[in-house]
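Encoded as structure tokens, the structure appears first; notes follow it.
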Amino acid sequence: MSRVHIPGVRKQVKACAEAAFYDLVEHTLQKDTDFKRKVTIIEELREMTSKVLHYYKGDFLDELPGLVDFTVILNLSSRQKHEAGKLKKITRKFRINSVGSAVYLHPKLHSFTENSVMTDSMMDEMLERLDIKDGVKAKFFLNMLSLCESAGEKLLVFSQYLLPMKFLERLAVITKGWSLGREIFVITGESSTEQREWSMERFNNSPDAKVFFGSIKACGEGISLVGASRIIILDVHLNPSVTRQAIGRAFRPGQQKKVFVYRLVAADSPEEEDHSTCFKKELISKMWFEWNEYCGYHDFEVETVEVKDCGDLFLESPLLGEDIKVLYKR
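This is the structure we're talking about:
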């Protein structure tokens, strides 16, 4: 029987087969309850990629004082829930995330998400009229800042967006009487190389330095912030490696203290769904590269912990613990 060649069909069949393979692997690693089947998939993936993928865990980090990585699910205030409900009307995912990041910090910020230009005076005027208790993440930040100040520790705050960082910067200025370049430091994508170097040096070495705000993508390789031992991640980045890199600004050679990380997530919101998606990505990567015959499935799950027994004196204080719905520990 003669064969009729149809251009493009083979490519389409191949593409469909590859897509089916990817879906099968993803489903097995994320949802299959049979751990042995997961192990089989991992072993086959390692064999397939052994000549093109090389993984170095970074064992030198084991010599540091330690890393405690929390995901803090916070109950939104009633006003935040009202504003968060409006996110359902937004169709674009990026817009949902950017507006949500502001609302989960404080509901008053919703009105600022439409402004392309935002001055310090505009922000200060709004801050003078708001109730900080209406913003669960803003309240967490302010309480964390006070605890760090009392304990003599420095705080890092990372976000994907400029509006939340500007809000918290002005909040620290107004409530603490601090100033930019003395107690407060900032790095964004617009910061020059000279500004970055100066901010790093001053923050790490000055006894007056208290808090550092960093755009999560601007604070990549080359940025060392070992002066800080507490880190707040304000929002969920869908690429887990970006968040790990941000944490690595403080958890790196030169760090003298144990580092505590607080990934803040708004409960019952699209952000909580993003956190779940992000962790699944992280889980696949971790299983692929770090699984061995001595591991059990529990080694690749986040641990739910009681706030009062979490081992962090800051979180165990009434100031921080009252709004926590669930606490996870990596």
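Every letter in the sequence shown is one number past the one before it in the numbering used here, and letter 179, counting from 1, is 172.
Built from N, CA and C at the ideal position, the CB exists for glycine as well.
On a predicted model such as this, the values are computed, not experimentally measured, just so you know.
N- and C-terminal bounds of the alpha helix (DSSP H) containing residue i
i, result
"residue 189", "186 to 198"
"residue 237", "233 to 240"
"residue 311", "311 to 314"
Extent of the continuous beta strand (DSSP E) to which residue i belongs
i, result
"residue 319", "317 to 322"
"residue 259", "252 to 259"
"residue 245", "Segment: none, residue 245 is in no beta strand (DSSP E) and carries neither H nor E."
Residue i in three-state terms, based on DSSP
i, result
"residue 106", "helix"
"residue 122", "coil"
"residue 218", "coil"
"residue 11", "helix"
"residue 112", "coil"
"residue 299", "coil"
"residue 308", "helix"
"residue 271", "helix"
"residue 337", "No statement about residue 337 is possible, as the shown extent of the chain runs from -6 to 323 and does not include it."
"residue 99", "coil"
"residue -5", "With a pLDDT of only 44 at residue -5, under 50, the local geometry of the prediction cannot be trusted, and no value is derived from it."
Residue-level contact to chain D via CB, residue i, 9 Å cutoff
i, result
"residue 226", "The structure shown has no chain D; it contains just one protein chain."
Beta-bridge partners of residue i, as assigned by DSSP
i, result
"residue 226", "151 and 256"
Distance between beta carbons of residue j and residue i, contact taken as under 8 Å
i, j, result
"residue 136", "residue 313", "5 Å"
"residue 379", "residue 202", "Residue 379 lies beyond the range of the chain shown here (-6 to 323); nothing can be said about it."
"residue 264", "residue 316", "Going by Cβ atoms, the distance from residue 264 to residue 316 rounds to 15 Å, so no, they are not a contact pair."
"residue 30", "residue 42", "Contact flag wrong, Cβ pair sits at about 19 Å."
"residue 158", "residue 206", "4 Å"
Taking only runs that begin and end inside the segment 23 to 92, name each unbroken alpha helix (DSSP H) of 4 or more residues, in chain order.
28 to 42 and 71 to 78
Please list the segments of the alpha helix (DSSP H) lying wholly inside the segment 125 to 209, counting only runs of 4 or more residues, in order along the chain.
Runs of the alpha helix (DSSP H) inside the segment 125 to 209: 129 to 144, 155 to 169 and 186 to 198.
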